[in-house]
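Residues in the sequence shown are numbered consecutively from 9, following this note's numbering.
The structure appears right after this line, and notes come after that.
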Amino acid sequence: MKNKRIYLAPMVGRTDEHYRMFIRILSKNINLYTEMITCDTFLHTDRKSYSVKPEENNLTIQLAGSDPKKYGLCSKIIESKGYSEINLNIGCPSDKVIKGEFGACLMNSPNLVAECVSEIKNSCSLPISIKTRLGLGYEEDLTLLFELIDKTKTAGCNKYFIHARNAILNGLSPKKNRRIPKLRYDDVLKVKNKYSDIKLYLNGGLEDISEIKNNISVFDGVMIGRKIYDDPMFLRNLEREIFDDKKNITRKEVVDQYLKYAEPLSKQGISNYLLLRHLFSLYYNTSSSKKWKKYIHDIIQCDKKIMLINNFKEYIYEEEKISSYS
Ligand SMILES: Cc1cc2nc3c(=O)[nH]c(=O)nc-3n(C[C@H](O)[C@H](O)[C@H](O)COP(=O)(O)O)c2cc1C
Numbered sequence: 009m010k011n012k013r014i015y016l017a018p019m020v021g022r023t024d025e026h027y028r029m030f031i032r033i034l035s036k037n038i039n040l041y042t043e044m045i046t047c048d049t050f051l052h053t054d055r056k057s058y059s060v061k062p063e064e065n066n067l068t069i070q071l072a073g074s075d076p077k078k079y080g081l082c083s084k085i086i087e088s089k090g091y092s093e094i095n096l097n098i099g100c101p102s103d104k105v106i107k108g109e110f111g112a113c114l115m116n117s118p119n120l121v122a123e124c125v126s127e128i129k130n131s132c133s134l135p136i137s138i139k140t141r142l143g144l145g146y147e148e149d150l151t152l153l154f155e156l157i158d159k160t161k162t163a164g165c166n167k168y169f170i171h172a173r174n175a176i177l178n179g180l181s182p183k184k185n186r187r188i189p190k191l192r193y194d195d196v197l198k199v200k201n202k203y204s205d206i207k208l209y210l211n212g213g214l215e216d217i218s219e220i221k222n223n224i225s226v227f228d229g230v231m232i233g234r235k236i237y238d239d240p241m242f243l244r245n246l247e248r249e250i251f252d253d254k255k256n257i258t259r260k261e262v263v264d265q266y267l268k269y270a271e272p273l274s275k276q277g278i279s280n281y282l283l284l285r286h287l288f289s290l291y292y293n294t295s296s297s298k299k300w301k302k303y304i305h306d307i308i309q310c311d312k313k314i315m316l317i318n319n320f321k322e323y324i325y326e327e328e329k330i331s332s333y334s
């Protein structure tokens with residue numbers, strides 16, 4: 009299974025640079041993603057100056073927009089900054105996205121998406137992928153998705169991440185859109201069977217190691233979002249079960265390594281909130297979870313020194329080393 013790929017799902021407000029460093033400590037093998045960045049934000053803010061850190065190897069940047077020329081402009085810069093792939097967001101259902109005519113509503117405009125792909129292809133040599141849904145609205149029909157794949161494949165995209173649900177564009181919040189539309193893995197399999205010349209990655213609702221193992225043997229890989237965010241130590245499980253990495257890193261070791269990264273930034277004035285907010289779930293589902301959250305909360309609220317995390321009394325050393333996490 010070592011050649012199979014697992015991707016961290018792009019998540020706005022979550023998969024920022026600090027979170028990616030935290031995740032990389034827990035997993036050397038997972039492929040990383042930025043959060044969605046609109047082409048305009050990329051071009052007109054300091055986002056364009058960000059260079060990928062060595063630890064963030066295999067980092068895909070996810071862009072959103074509907075202007076092919078802007079994709080082209082972004083791509084030239086992106087290639088020089090060390091990203092390994094450019095992903096187009098054709099799946100996001102938020103209000104902002106609907107008004108700006110990008111994200112999931114572009115499933116209705118496969119020719120335009122294909123133009124965006126062509127423009128990226130002409131502007132850089134990075135691989136291109138698309139993250140999308142099974143369809144729009146309540147119809148369980150794959151016509152839109154097939155058209156999108158047909159058109160964009162011809163334009164130069166051969167890699168697709170499918171969130172195995174429809175997007176409901178009117179009436180459901182993004183959060184509900186990640187829960188209410190039915191998960192349809194079988195339909196993603198139909199896509200896999202129809203196209204032998206594309207790479208296909210399953211996304212949506214994957215939380216269980218045996219389910220992930222099963223799907224990884226069927227698809228080219230999987231993409232996981234909320235399970236990893238809610239339970240970061242789950243990555244240790246993935247490392248062991250999928251990538252045969254038996255290291256079993258402890259929470260204390262994770263924190264030690266993270267502090268080596270975070271302390272200098274804290275001294276430079278980056279807020280403890282930004283540096284620590286993604287660590288709240290480190291003790292997910294353990295008896296120390298509440299105390300840990302309170303401990304981190306106090307460090308953030310009272311603006312204490314970040315190194316105080318070292319003094320957390322309940323680091324579970326032995327228990328973690330001995331028992332196998334599941
Ligand atoms: C807080 C949050 C933010 C998200 N932001 C993005 C995003 O920026 N781009 C995107 O394509 N999907 C985004 N998603 C959707 C995820 O990438 C993923 O498709 C979805 O959560 C289903 O996968 P999961 O069940 O493994 O979480 C977001 C999801 C969450 C929970």
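From the three backbone atoms N, C-alpha and C, an ideal C-beta is built for every residue, glycine too.
For ligand 1, any of its heavy atoms closer than 8 Å to the Cβ of Val125?
Residue numbering aside, residue 125 sits at position 117 when the sequence shown is read from its first letter. No, Cβ of Val125 sits at least 8 Å from all heavy atoms of ligand 1.
Between the segment 306–318 and the segment 57–64, do three or more beta carbon pairs fall short of 8 Å?
no
In terms of DSSP beta bridges, what is Leu96 paired with?
As a working note, residue 96 is residue 88 in the sequence shown. According to DSSP, Leu96 bridges with Leu71, Ile138.
Ignoring anything shorter than 3 residues, give me the beta strand (DSSP E) runs that lie fully in the segment 111–169, in order along the chain.
136–144
Considering only residues of the segment 201–264, which uninterrupted beta strand (DSSP E) runs meet the minimum length of 3 residues and lie entirely inside it, listed in chain order?
Runs found: 207–211, 229–232.
Under the three-state DSSP convention, the category Asn39 falls into:
Counting from one through the sequence shown, the residue named residue 39 turns up at place 31. Three-state result, Asn39: strand.
Measuring alpha carbon to alpha carbon, tell me which of Leu81, Asn65, Leu34, Glu25 ends up nearest His52.
The residue you call residue 52 lines up with position 44 of the sequence shown. Selected option, being the one with the closest Cα: Leu81.
Selection from Ser274, Tyr269, Trp300, Glu93 that minimises the alpha carbon distance to Arg28:
One-based indexing of the sequence shown puts residue 28 at position 20. For Arg28, the nearest C-alpha among the options comes from Tyr269.
In terms of DSSP beta bridges, what is Ala175 paired with?
As a working note, residue 175 is residue 167 in the sequence shown. The partner list for Ala175 (beta bridge, DSSP) reads Leu144.
Is Lys199 near ligand 1, with its Cβ less than 8 Å from a heavy atom?
Here residue 199 refers to the residue found at position 191 of the sequence shown. As written in the sequence, residue 199 is Val, which differs from the Lys given in the question. No - ligand 1 has no heavy atom lying nearer than 8 Å to the Cβ of Val199.
Check for me: the alpha helix (DSSP H) holding Ile308 runs from which residue to which?
Your numbering for residue 308 matches position 300 in the sequence shown. 297–309 is the extent of the alpha helix (DSSP H) around Ile308.
Taking only three categories from DSSP, how would you classify Thr46?
As a working mapping, residue 46 is identified with position 38 in the sequence shown. Strand at Thr46.
Buried or exposed for Arg173, going by 16 or more other Cβ atoms inside 10 Å?
Numbered from its first residue, the sequence shown carries residue 173 at position 165. Buried, because 16 or more other Cβ atoms sit within 10 Å of the Cβ of Arg173.
Measure the C-alpha to C-alpha separation of Ser332 and Leu150 and round it to an integer number of angstroms.
As a first step, residue 332 is located in the sequence shown; it is residue number 324 there, counting from the start. As a first step, residue 150 is located in the sequence shown; it is residue number 142 there, counting from the start. Confidence in Ser332 is poor, its pLDDT being 47 and thus under 50, which makes the residue's placement unreliable; the coordinate value appears in the next sentence. Approximately 41 Å between the Cα atoms of the pair.
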